[in-house]
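I have placed the structure first, in the form of structure tokens, so that the comments after it can refer back to it.
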Amino acid sequence: MGKLYFHVVFLVLSNSFIAEVYSSATFTFVNKCKFTVWPGILSNAGISQLPTTGFALQTGESKIITAPSSWGGRFWGRTHCSEDPTGKFTCLTGDCGSGKLECAGGNAATPATLAEFTLDGDAGKDFYDLSLVDGYNLPILVAPQGGTGTNCSKAECGADLNSDCPAELRVASAGGEGVACRSACDAFGSEQYCCSGAYGTPAACKPSQYAQTFKRACPQAYSYAYDDLTSTFTCVGADYIITFCPSPNTSQKSSSESTAAGGSNTPFDGNMVYEGALEVSSAPSTYGHVVGGAVAVVAAIWRLSYLT
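Residues -23 to -1, 1 to 285 (mature numbering (1 follows the signal peptide of the UniProt record, and there is no 0)) make up the sequence shown, in order.
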């Protein structure tokens, strides 16, 4: 009887394990830029912050973070960061205002390229997108691993918009280097560009010439507030690789490292191999964990039937 009780408990725990695996995801951050990137993380309102909300990622480095079930929030890359003699940490782009490496609930200052996620949403799907609604500072690739779904595919903004940014939207460093590209809403603040007020509906708010420029460069990213049709992706049971500067030819040069980096601002080539995604493809996937858990459950069921 003791053995029977043990196997029943084992079966229950195995099922609980599978449920937990399905409702969480790992995010692997990869830096393919020729300079350091400082990722920032912000959870949505009402959702607890992840164990880390900001860290440094050197060229070629990767870092894995696990998000709990039903987590939602955004990731972005901060650039041109430094710490002053008093210990205050600031970044020229994507700064979250905390004064520290950890963003601790601070949002990205515009302009910044955003990767946005809602895990375990409607029908158990993960929803994710890349957004240029708040402007652009870095090329980013989101690549799902091991997930399923008809729209479970990469979301990418690989173009170097800092080189091709319209003059009226351009953000430059003290040395004159283009380091970010503002959105029209951020730059001009009008209802027409911000899809607010009289333009606060999809029927009234149409893409401006600036949004169209963003869309041509990054067809899979949100270019303005109502750009849903081609910009929202869904997966079930996936883990995600988030790569900064996915193609070597789209890596912008840091003002402090441009001479040493010797980078290129060649326009994005749609045929380029996504090196960041390939190099970390061996990262743990939800599918592998589920298969292992399923084997354990089958074994427990067999033992239980044998004992009875």
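Built from N, CA and C at the ideal position, the CB exists for glycine as well.
Quiz item: Can you tell me whether DSSP reads Cys162 as helix, strand or coil?
Solution: Here residue 162 corresponds to residue number 185 of the sequence shown, with the count starting at 1. Cys162: helix per DSSP, three-state reduction.
Practice problem: Check Ala92 in the structure and name its three-state DSSP category. | Solution: As a first step, residue 92 must be located in the sequence shown, where it is residue number 115. Here Ala92 sits in strand by DSSP.
Quiz item: Buried or exposed: which applies to Gly49, given that a residue is buried once 16 or more other Cβ atoms fall within 10 Å of its Cβ?
Solution: For this step, residue 49 is matched to residue 72 along the sequence shown. If you draw a 10 Å sphere on the C-beta of Gly49, you find 16 or more other C-beta atoms in it, and that means buried.
Quiz prompt | Inter-stretch contact (C-beta, 8 Å, three-pair minimum) for the region 122 to 140 and the region 160 to 177 | solution = At 8 Å Cβ cutoff, the stretches do not touch.
Quiz item: Between which two residues does the beta strand (DSSP E) carrying residue 291 extend?
Solution: Given that the chain is displayed from residue -23 to residue 285, the structure contains no residue 291 and the question cannot be resolved.
Exercise. Tell me Cys195's beta-bridge partners as DSSP assigns them.
Key: Numbered from 1 along the sequence shown, position 218 holds the residue referred to as residue 195. DSSP, once it has assigned bridges, lists no residue as partnering Cys195.
Self-check item: Whole-Å CB distance - Ala85 paired with Cys73, under 8 Å assumed
Solution: Here residue 85 corresponds to residue number 108 of the sequence shown, with the count starting at 1. Here residue 73 corresponds to residue number 96 of the sequence shown, with the count starting at 1. Contact between Ala85 and Cys73 holds: their C-beta atoms lie close to 6 Å from each other, under 8 Å.
Quiz item: Between the region 14 to 23 and the region 42 to 60, do three or more beta carbon pairs fall short of 8 Å?
Solution: Counting Cβ pairs under 8 Å, three or more are found: they touch.
Exercise. Over the uninterrupted beta strand (DSSP E) stretch that includes Ser20, give me the two end residues.
Key: Counting from one through the sequence shown, the residue named residue 20 turns up at place 43. The continuous beta strand (DSSP E) containing Ser20 extends over residues 15 to 20.
Self-check item: Rounded straight-line distance, which links the Cα of Pro28 to that of Phe191
Solution: Reading the sequence shown from its first residue, position 214 is the one you call residue 191. Reading the sequence shown from its first residue, position 51 is the one you call residue 28. Spanning the two alpha carbons is a distance of roughly 33 Å.
Practice problem: Check each candidate in Leu69, Gly64, Thr70 and name the one with the smallest Cα separation from Lys77. | Solution: As a working mapping, residue 77 is identified with position 100 in the sequence shown. Nearest of Leu69, Gly64, Thr70 to Lys77, Cα basis: Gly64.
Self-check item: Rounded C-alpha distance that separates Asn242 from Cys142
Solution: The count along the sequence shown starts at 1 and reaches residue 242 at position 265. The count along the sequence shown starts at 1 and reaches residue 142 at position 165. At Asn242 the pLDDT is 31, less than 50, meaning the model places this residue with poor confidence; the figure from the coordinates comes in the next sentence. Spanning the two alpha carbons is a distance of roughly 13 Å.
Quiz prompt | For Thr43, the three-state DSSP class (helix, strand or coil) | solution = By one-based count along the sequence shown, residue 43 stands at place 66. Reduced to three states, the DSSP call for Thr43 is strand.
Self-check item: Nonlocal neighbours in the same chain, by C-beta distance under 6 Å from Ala81, ignoring five residues either side
Solution: As a position in the sequence shown, residue 81 is number 104, starting the count at 1. Taken in chain order, the residues that qualify are Thr30, Ser75.
Quiz item: Can you tell me the Cα-Cα spacing of Ile66 and Gly83, whole angstroms?
Solution: Locating residue 66 in the sequence shown gives position 89, where the first residue counts as 1. Locating residue 83 in the sequence shown gives position 106, where the first residue counts as 1. Strictly speaking, residue 66 in this sequence is Phe, with Ile absent from that position. Roughly 13 Å between the two C-alpha positions.
Self-check item: Within 8 Å, strictly: CB atoms of Ile117 and Thr220
Solution: Position 140 of the sequence shown, counted from the start, is the residue given in the question as residue 117. Position 243 of the sequence shown, counted from the start, is the residue given in the question as residue 220. A contact, by the Cβ cut-off of 8 Å.
Exercise. Indicate whether Ala194 and Leu115 have their beta-carbon atoms separated by less than 8 Å.
Key: For the purposes of this step, residue 194 is taken as residue 217 along the sequence shown, with counting starting at 1. For the purposes of this step, residue 115 is taken as residue 138 along the sequence shown, with counting starting at 1. It is not a contact, given that the beta carbons lie outside the stated cut-off.
Exercise. Could you tell me whether the region 176 to 192 touches the region 117 to 130, using the rule of 3 or more Cβ pairs below 8 Å?
Key: Output reads no: the region 117 to 130 does not touch the region 176 to 192.
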